[in-house]
Amino acid sequence: MNEQKAATTETKAVVNDGSIELSTLYYIIGTLLFVGAASLIFYYLIRKQSRKLQFVLILGRNGSGKTALFVQLTQDRSALTVSSLVKNIGWTKNLIPDEPGKEIQLIDVPGYERLRWDVFNMNKHLCKGIIFMVDSVSISSSVSKEAQEAADILYRVLTDPEIVKRKIPVLVVCNKQDQVAAKDVDVVMVLLEKEMNAIRITKYNPATKKGNRSEFIGNMEKDFEFAQLRNNKVTFVKSICKSSELAVTDDMKSVIEFLATLA
125 MNEQKAATTE TKAVVNDGSI ELSTLYYIIG TLLFVGAASL IFYYLIRKQS
175 RKLQFVLILG RNGSGKTALF VQLTQDRSAL TVSSLVKNIG WTKNLIPDEP
225 GKEIQLIDVP GYERLRWDVF NMNKHLCKGI IFMVDSVSIS SSVSKEAQEA
275 ADILYRVLTD PEIVKRKIPV LVVCNKQDQV AAKDVDVVMV LLEKEMNAIR
325 ITKYNPATKK GNRSEFIGNM EKDFEFAQLR NNKVTFVKSI CKSSELAVTD
375 DMKSVIEFLA TLA
């Protein structure tokens, strides 16, 4: 009799032990499923938020038409009342008629040099693309330093480690094409290539090997051309941006197409 009780007790112990192990297993599985689901939700929310934070930077010298472009794309006329000492932030409006939900955030970077690079450095890590505005009229003027200064800004952008590493595309918009003295897109590109070729020698001289090699872009054995760039695609387009015109015109079609690929 005592032996039967002992056997029964032992059996219960085994069952109890088994039930404890089984419940523990269920607990572990449940915990893992919960953690996994929570991680997926967190990843989704972070990814969604990061997409909202991504934007396109609009750069260029003062007077190149940066803010005019910003106003036309965002329909935010209030940006015209703000000086070039502050940045303008807004969203594109009805970027693609057939896809009303497709939009992207734009940042009009101040033209004032010191603030320009402060804003650029603070936002370059999340930018999806860069629009670089050029005044097609004054760029070839012997009096104006438009070509030299524009090339200097563009060179600094294209040698920035973050921009190079992330292969950020750059759209060079040759603005004011409606004016008689405006230079054609091909001419603007050649002028900038010539200036950037001179700039890169001051950064690093292949003959003497003096300077910072990382700041030299393009083929060392040839004069600089934008086609030599491997990481960053640089595209030149023409445009007519007018701050008085809120509607997006056909003259801005190339800009819209560029933004649509990033939205």
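Residues in the sequence shown are numbered consecutively from 125, following my numbering. Ideal Cβ positions, reconstructed from N, Cα and C, are used throughout, including at glycine.
For residue j and residue i, believed in contact at Cβ under 8 angstroms, the rounded distance
| i | j | result |
| --- | --- | --- |
| Met190 | Met257 | The sequence given here has Lys at residue 190, not Met. Going by Cβ atoms, the distance from Lys190 to Met257 rounds to 5 angstroms, so yes, they are a contact pair. |
| Leu230 | Val180 | 5 angstroms |
| Ile287 | Lys252 | In fact, because the Cβ distance is near 11 angstroms, the residues do not count as touching under 8 angstroms. |
Residue closest to residue i, alpha-carbon to alpha-carbon, out of the options
| i | options | result |
| --- | --- | --- |
| Asn336 | Glu381, Pro285, Asp232 and Val312 | Pro285 |
| Lys307 | Ile255, Asp259, Lys346 and Gln352 | Asp259 |
| Lys217 | Leu209, Val210 and Glu227 | Glu227 |
| Asp375 | Leu197, Gly154 and Thr155 | Leu197 |
| Leu383 | Ile182, Ile153 and Phe158 | Ile182 |
| Gly184 | Leu386, Gln352, Thr385 and Ala271 | Ala271 |
| Val188 | Ala351, Pro234, Tyr328 and Cys251 | Per the sequence shown, the amino acid found at residue 188 is Ser instead of Val. Closest by alpha carbon: Pro234. |
| Asn110 | Val180, Gly214, Ser262 and Gly160 | This structure leaves residue 110 out entirely; the chain is present only between 125 and 387. |
| Arg238 | Ile255, Thr326 and Val210 | Val210 |
| Trp241 | Lys269, Val304, Phe340 and Tyr279 | Tyr279 |
| Glu349 | Tyr328, Leu315 and Thr326 | Leu315 |
| Gln178 | Ile213, Ala305 and Thr148 | Ile213 |
Beta carbon proximity, residue i to chain C, threshold 8 angstroms
| i | result |
| --- | --- |
| Gly235 | Reference to chain C is not applicable here, since this structure consists of a single protein chain. |
Assigned exposure category for residue i - 16 Cβ within 10 Å defines buried
| i | result |
| --- | --- |
| Arg354 | exposed |
| Pro330 | exposed |
| Ser338 | exposed |
| Asn356 | buried |
| Val281 | buried |
| Met246 | exposed |
| Val312 | buried |
| Phe158 | exposed |
| Phe161 | Correcting the residue identity first, residue 161 is Ala in this sequence and not Phe. It is exposed - the Cβ of Ala161 has fewer than 16 other Cβ atoms within 10 Å. |
| Ala274 | buried |
| Val304 | exposed |
Backbone secondary structure at residue i - three-state DSSP
| i | result |
| --- | --- |
| Thr283 | coil |
| Asn343 | coil |
| Ile170 | Because the pLDDT at Ile170 is just 44, under 50, the model does not fix this residue reliably, and the value given afterwards should be weighed accordingly. Residue state, collapsed to three classes: helix. |
| Asp308 | coil |
| Lys362 | strand |
| Gln301 | coil |
| Tyr236 | coil |
| Lys334 | strand |
| Asn356 | coil |
| Leu383 | helix |
| Lys377 | helix |
| Arg175 | Reliability fails at Arg175, whose pLDDT of 49 lies under 50, so the model's placement of it is uncertain and no value is given. |
| Leu209 | coil |
| Asn186 | coil |
| Asn329 | strand |
| Leu181 | strand |
| Val294 | strand |
| Leu230 | strand |
| Glu127 | Residue placement at Glu127 is poorly supported in this model, since its pLDDT is 49, which falls under 50; the coordinates still yield a value, given next. Note: Glu127 maps to helix in three-state DSSP. |
beta-carbon residue i near the ligand SAH non-hydrogen atom, thresh 7 angstroms
| i | result |
| --- | --- |
| Arg238 | Of the ligands one can find in the structure shown there are none, so the ligand SAH has no counterpart to examine. |
Query raised in the report: Between the segment 317–325 and the segment 292–303, are three or more C-beta pairs nearer than 8 angstroms?
Result: Per the Cβ contact rule, the segment 317–325 is not in contact with the segment 292–303 (fewer than 3 Cβ pairs under 8 angstroms).
**Report entry** Three CB pairs or more closer than 8 angstroms across the segment 377–384 and the segment 357–366
**Finding:** The segment 377–384 vs the segment 357–366: in contact.
Query raised in the report: Are at least three pairs of beta-carbons, each pair with one atom in the segment 296–312 and one in the segment 179–193, less than 8 angstroms apart?
Result: For the pair of segments examined, the segment 296–312 was found to touch the segment 179–193: the number of CB pairs separated by less than 8 angstroms reaches three.
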